Each structure stands twice: as C-alpha cells, then as structure tokens.
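S.K.:
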Amino acid sequence: MIIPGVRLLERYLQRTKNPGDDAGIQTMRTEIYTDLHARFQHLMTNKTCVVATVLDATYKLRFFDSNEKANARQILLEVALKEIRTRRSKTARVTSATHVESERSFSSASDICEDKRSSLAPHKLEQLLFLKKNLSVVNFNY
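Below you can see the structure in the form of structure tokens.
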C-alpha cells in the first residue's frame, strides 16, 4: 500500500537525531522528508488510495491523522453511496415482464378447462379456446 509506506518513511525520517549523525546526514534527512512529503501529499486525498488503505484490514485508519481520518471516512461513505445508487438504479429501470400471446392462451385455456370440464377432449378444448379468443375480434357477429 502506498499511503502506509509513505507514512512509515516520513516517521522514520522525522525520528530524533542519532548521536553519531553529523550535520550533513541531518540535512539530507530533512531534505528527503520535505521532498517525500511534497511528492506524496496528494495521495492523502486520492480516493482510490484512501479507500484501498481504509478497507485493508491491516491498516484501516492507522496511518491518517485526525483531519485525514474524517476526510477518509467521508470519501469511503461517498464511494459506498455511489455504489448503492448505481445498483439500485439498475434494478429500478428494469422493464416489467409482459405476457406473450401463448401465455395468454394458456391462461384462457385454464379458464375454460375447470374442474367441472376436466374431461374435455383436447380437440374440443382447442375449439372452445378458438371461439373464446376470436368471437371478441368479430364483435360476436357470427
């Protein structure tokens, strides 16, 4: 992870002086720290890096200061809400199922062939179904 690595380097470079370090080493440490901080500070607001660090169980919010923790929580909340909205909108825009003509015919056939008429021969059921569907088309003028 990028943010934890950068934070660990920054903490290491900010440690107190070692007794054997001369002024050149201290200057080099300071320069490396300022350059590292300047180059990687934008990562603390990068949504991808922040979410990846926060969601990693090893790191969570450990490498953020108090202001950055609030920002990281806000970024994570925005990402989660965006995901919820996109999933909800996909299901909300689904076209409702319509009945196909064959399904309507089966429904009509089940209306005709009730318990009392269950012994109808198949060809008689077909005739009754044909009449039920087509008499309404010709306005019952037969």
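If you're matching positions, the sequence shown starts at 100 in the working numbering and goes up one per residue. Glycine included, C-beta positions come from ideal geometry on N, C-alpha and C. These figures come from a predicted structure and were not determined experimentally.
How should phenylalanine 162 be labelled, buried or exposed, when 16 other C-beta atoms within 10 angstroms of its C-beta is the threshold for buried?
M.R.: The residue in question, phenylalanine 162, is buried, as its Cβ has 16 or more Cβ neighbours within 10 Å.
S.K.: Quick one: using the 10 Å Cβ neighbour count with 16 as the cut-off for buried, is threonine 152 buried or exposed?
M.R.: The residue in question, threonine 152, is buried, as its Cβ has 16 or more Cβ neighbours within 10 Å.
S.K.: Please name the residue in Leu175, Pro221, Arg110, Ser165 whose C-alpha comes closest to that of isoleucine 131.
M.R.: The shortest C-alpha separation from isoleucine 131 is found at Arg110.
S.K.: Do isoleucine 101 and leucine 142 come within 8 Å of each other at the CB atom, strictly closer than that value?
M.R.: Contact flag set, yes.
S.K.: How would you label arginine 106, buried or exposed, when you count the other beta carbons within 10 angstroms and need 16 or more for buried?
M.R.: Label assigned to arginine 106: buried.
S.K.: Could you tell me the distance, in whole angstroms, from the CA atom of alanine 122 to the CA atom of threonine 129?
M.R.: C-alpha separation (whole angstroms): 11 Å.
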